[in-house]
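The opening position of the sequence shown corresponds to residue 87 in this note's numbering, with each subsequent residue numbered one higher.
Every residue gets a Cβ at the ideal spot worked out from N, C-alpha and C, and that includes glycine.
All figures in this text were calculated on a predicted structure; none of them were measured in a lab.
Single-structure report; data block below.
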Amino acid sequence: MMGAIRVVIAGGHPAGAVFSLAAGRYCERAVLARSDTIIVTMAFPIHRKRRLRVSESMRRFVRETHLEPSQFLLPLFICPGEGVRREIGSMPGNCQLSIDELVKECETVRSLGIGGVMLFGIPDHKDELASGAYAADGIVQRAVRAVKRAVPGLLVITDVCNCEYTSHGHCGKIVDGDVDNDATLAWLAESALSHACAGADIVAPSDMMDGRVAAIRKCLDEHGFHKVPIFSYAAKFASVFYGPFREAAESAPQFGDRRSYQMDPANAREAMHEMELDLEEGADMLMVKPAMPYLDLIRQAKDRFPVPIGAYQVSGEFSMIMAAARNGWLDLDRAMMESLTSIRRAGADIILTYFAKDAARALA
Ligand SMILES: [Zn+2]
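Shown next as structure tokens:
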């Protein structure tokens, strides 16, 4: 029995029950009988875990993890035009919205007590320089002004990136066939500043350029926006689960992929380092994206960093649940609530989710 010890359960367990486990696990509460044997003198029938599961009121009473609508952020996609509410095929119930429709949507969001909205823009034209990203009258900038005017009190957070605005679909300026990190920082700082000028409550850079948080902080502070927080997409992975979003935001890269700036899904310690660096640069809040395939990192971040931790339940996570539910393979409401609960239990203070409205209604 190399590396293992024998455990004998005493005190009412079915006679003769013996199993092995890694050494040391029960040592505190056990009596050492022989060098390779531990007799456990507790547990069943003194402890019956089912006692606290007998009824819904009992289960609710001892529940460890709670969901509140105020912990949700609803991502929304803004497109040009008027009266536009175009459903995204792969994300049932989610739409590209013109600004007037966005305002109506935000009124609903506020009435449900949802924490806020995360805005993504779809400009009417894209170019090499992502000029729509930082234009004072760009689609997001106009949307922020309209929502802040019509729905005061609703927290408006803006995604700061370039991929929806570049003709090539990458998140930064292309130099010699690659995204140039340092040249992109100026675009990001300009975009964040233009969002703050329009009235955004929080700016959220999602590009994964090195040094962007410091560049944005410096630019905001120089222009008197020292009170505007930065919610950094700090650990953002090059994930297949973004697929439906690219249809929603019309932001698929026209060549190559994003693996030279988004993170390798295999790397956990690197994710912690990314977060640490963003905190040093001045991030106020940190995000892990996607959420469910990265629950371990949400937990590590929560234990390690003394700032609010957000997790983005991305489009693919949403679409998988919706597709399974539409096929009759899963109960939609239960899958929605269990997925959100697991993200919260892992340690997320804030959850970006396309289920925000439905989950808020379910909690009401
Ligand atoms: Zn991007």
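Should residue i go down as buried or exposed, given a rule of 16 or more other Cβ atoms within 10 Å for buried?
i      : result
Phe206 : buried
Gln399 : buried
Gln182 : buried
Arg303 : buried
Arg115 : Residue placement at Arg115 cannot be trusted, given a pLDDT of 45 that sits under 50; what the coordinates show is reported in the next sentence. Classification for Arg115: exposed.
Asn413 : exposed
Ser143 : exposed
Met128 : exposed
Pro131 : exposed
Ser325 : buried
Trp273 : buried
Phe163 : buried
Val265 : buried
Asp389 : exposed
Phe404 : buried
How would you write the range of the alpha helix (DSSP H) that residue i sits in, first residue to last?
i      : result
Tyr220 : 217 to 220
Lys234 : 225 to 236
Ala357 : 355 to 367
Phe331 : 329 to 335
Under 8 Å by Cβ, that's how I've got residue i and residue j pegged, so tell me the actual separation to the nearest angstrom.
i      : j      : result
Val195 : Lys443 : 7 Å
Val514 : His312 : In the structure displayed, the chain extends from 87 to 450; residue 514 sits before or after that span and is not available.
Pro178 : Met408 : 5 Å
His211 : Phe341 : Not a contact, Cβ separation roughly 19 Å.
Pro315 : Met371 : 7 Å
Asp245 : Ser292 : 5 Å
Thr439 : Leu153 : That pair is no contact at about 10 Å.
Arg137 : Ile185 : Going by Cβ atoms, the distance from Arg137 to Ile185 rounds to 55 Å, so no, they are not a contact pair.
Gln386 : Ala411 : Not quite, the Cβ-Cβ distance comes to about 31 Å (not below 8 Å), so this is no contact.
So residue i is in the beta strand (DSSP E); what residue range does that whole segment cover?
i      : result
Leu241 : 241 to 246
Val321 : The sequence shown places Ala at residue 321, not Val. That run of the beta strand (DSSP E) goes 317 to 322.
Which runs of the alpha helix (DSSP H) spanning at least 4 residues fall entirely within the region 372 to 442, listed in chain order?
-> DSSP runs (the alpha helix (DSSP H)) wholly in the region 372 to 442: 381 to 390, 401 to 412, 418 to 432.
Identify every run of the alpha helix (DSSP H) within the region 274 to 314, keeping only runs that are complete inside it and at least 4 residues long; order them along the chain.
-> Those alpha helix (DSSP H) runs which fall completely within the region 274 to 314 and span 4+ residues are 298 to 308.
Entirely within the region 143 to 204 and at least 3 residues each: give me those beta strand (DSSP E) ranges in chain order.
-> Fully enclosed beta strand (DSSP E) runs of 3 or longer: 158 to 164, 171 to 173, 181 to 183.
Residues with a Cβ closer than 7 Å to any heavy atom of ligand 1, in chain order?
-> Cβ-based neighbours of ligand 1 within the cut-off: Cys247, Asn248, Cys249, Cys257, Ser292, Asp293, Ser337.
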